[in-house]
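In the numbering used here, the protein residues as written are 7 to 154.
All C-beta atoms in this analysis are idealised placements derived from N, C-alpha and C, irrespective of residue type, glycine included.
Since the structure is predicted, the reported quantities are computational estimates derived from the model, not experimental observations.
Here the structure is laid out as structure tokens; the discussion comes afterwards.
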């Protein structure tokens, strides 16, 4: 079970990027279309978490390999933001979709929020429960987790 979970966490960022690409290839109301007045606001707010989740998946990717450091945390953030940029570029060419700078800004904010949380918890002393969770994920690599 541990080996399966480790494998799942290793492929998760790639599967999630494929999922984002597929969703971005569809018209904006193809999956979620509600009759409520807050429909557009809800969809726009998803940008704030969508790429934060991608960053989190990259963090787990590096954790289960025992290679999570401040540098790989930055790399995970850069990869997530770069994919957000490529997603916006992709949407520019998709009918009934649009590419906007504000969407890229929202994608980036989502990544930076989780990046900050990881920085102060895993590499710092705040949020010890979150740090403990990350260290348990890191323990899937079979090496002793030290948090640094």
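Between residue 143 and residue 70, the gap from beta carbon to beta carbon is short of 8 Å. Between the alpha carbons of residue 13 and residue 19 lies a distance of about 11 Å. Residue 62 and residue 101 have their C-alpha atoms roughly 30 Å apart. One alpha carbon belongs to residue 125, the other to residue 76, and they sit about 8 Å apart. Secondary structure of residue 7 (DSSP, three-state): coil. The continuous alpha helix (DSSP H) containing residue 78 extends over residues 76 to 98. In this model, residue 82 and residue 59 are separated by some 11 Å (Cα to Cα). DSSP places residue 32 in the coil class of the three-state scheme, outside both helix and strand.
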